[in-house]
Structure formats: structure tokens, C-alpha cells
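Participant: One structure follows; several queries about it will come next.
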Amino acid sequence: MGRILSIDYGKKRTGLAVTDPLQIIANGLATVSTSTLFDYLKDYTARENVEQIVIGRPTQPDGRPSENLGRVEQFVNRWRKAVPTIPIVFYDERFTSVIAHQAMIDGGVKKKRRREDKGLVDEISATIILQDYMKSIGK
């Protein structure tokens, strides 16, 4: 069994999360510059057994596409052509940033760190996407 990796794709930064090899627990992995994301994932998947990638589908609260959806779809198409052996699927990411901010507050992360460490929100968002996805497939 391989890991499941999730992506919270952003214009500048992208949050990543991954399961353990038994697909029981989702953990934050990293926040990387979106411009280096493709190479980062190629390197990571060469080292680790990743069986699937889940990427957040950015939509507005009413379900309409967000302005970031086009960039996400371009990335997905590029990945599918370059690495067809690791499937990538979309998963609804609505409200994950709001939930991530609340999780940081509930977890005691100070206001200053929440403001300064934008990457932490992206990584937590990716973790929430992965947890929700795992729940939806019965893991």
C-alpha cells in the first residue's frame, strides 16, 4: 500500500500533506513555492511510494469555479501526461482555509505567527483536504 498525497494549490505557495504508508493518518508535509511544485513532487514520488494524489478543486462557496481553477487544471493535466502511473483526482476544497485558520486558533498558534507564517495555513489546508478525502472513501 502506498501513501496518498494531497495538494492545496495556490498561486504563489502550495501546501502538501501525506498519509503514512498504511493510509491511517494524514500529516502536513511541506509548503513549497508553486513554481517548484512539479519538480518537488517528482522528487518526492521517486523516493516514496505514493499511490494517489488528491488536489483541492478551488470553487466559490456557491459552487462556481474560482479564479485559481484554471491554474489547478493546467497542473493536473501536466501531471497526468508526465506521471500517468500516479493518478491525481480532484476533491472539493471549499472552506478548508477557514477551517485551517480556526484549527490554528484552537491549537494555540499566536496571532503573530498566523500572520507571518502563511505557509502553515496552506499545509494545514492540505491536511484537511486529505483527512476529508480519506473519510469520504472510508479510510
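Counting in our numbering, the sequence shown runs from 1137 upward without gaps.
Think of the CB as a built atom: it goes at the ideal place given N, C-alpha and C, for glycine as much as any other residue.
From a predicted model like this one, the values you see are computed outputs, not experimental measurements.
Between residue 1221 and residue 1178, what straight-line distance do the alpha-carbon atoms span, to the nearest angstrom?
Facilitator: Along the sequence shown, one-based indexing puts residue 1221 at 85. Along the sequence shown, one-based indexing puts residue 1178 at 42. Each residue's Cα considered, the two are about 12 Å apart.
Participant: Cutting at 7 Å between CB atoms, please list the residues of its own chain near residue 1194, excluding the five before and the five after it.
Facilitator: In the sequence shown, residue 1194 corresponds to position 58, counting from 1. 1202, 1204, 1205, 1208 and 1229, listed in sequence order.
Participant: Please return the same chain residues whose Cβ sits closer than 7 Å to the Cβ of residue 1158, not counting the five positions on each side in sequence.
Facilitator: Position 22 of the sequence shown, counting from 1, holds the residue named residue 1158. Cβ neighbours of residue 1158 beyond the five flanking positions: 1137.
Participant: Where does residue 1214 sit, in a helix, a strand or coil, going by DSSP?
Facilitator: As a first step, residue 1214 is located in the sequence shown; it is residue number 78 there, counting from the start. Three-state DSSP puts residue 1214 in a helix.
Participant: Should residue 1139 be labelled buried (16 or more other beta-carbon atoms within 10 Å of its own) or exposed?
Facilitator: Within the sequence shown, numbered from 1, the residue matching residue 1139 stands at position 3. By the neighbour-count rule (16 or more Cβ atoms within 10 Å), residue 1139 is buried.
Participant: For residue 1167, which option in 1270, 1261, 1271 and 1273 has the closest C-alpha, if you only look at C-alpha atoms?
Facilitator: For this step, residue 1167 is matched to residue 31 along the sequence shown. Per the Cα distances, 1261.
Participant: Identify which residue in 1174, 1182, 1180 and 1227 has its Cα closest to the Cα of residue 1214.
Facilitator: Within the sequence shown, the letter at position 78 stands for residue 1214. Comparing Cα positions, the closest option is 1174.
Participant: Does the beta-carbon distance from residue 1154 to residue 1269 come in below 8 Å?
Facilitator: Counting from 1 along the sequence shown, the entry for residue 1154 is found at position 18. Counting from 1 along the sequence shown, the entry for residue 1269 is found at position 133. Cβ distance not < 8 Å, so residue 1154 and residue 1269 don't count as in contact.
Participant: Under 8 Å between the Cβ atoms of residue 1182 and residue 1266?
Facilitator: As a working mapping, residue 1182 is identified with position 46 in the sequence shown. As a working mapping, residue 1266 is identified with position 130 in the sequence shown. No. Outside cutoff.
Participant: Once DSSP output is grouped into helix, strand and coil, what is the label at residue 1258?
Facilitator: Counting from one through the sequence shown, the residue named residue 1258 turns up at place 122. Reduced to three states, the DSSP call for residue 1258 is helix.
Participant: Could you give the distance in angstroms between the alpha-carbon of residue 1170 and the alpha-carbon of residue 1275?
Facilitator: Counted from its first residue, the sequence shown places residue 1170 at position 34. Counted from its first residue, the sequence shown places residue 1275 at position 139. Cα to Cα, residue 1170 sits roughly 29 Å from residue 1275.
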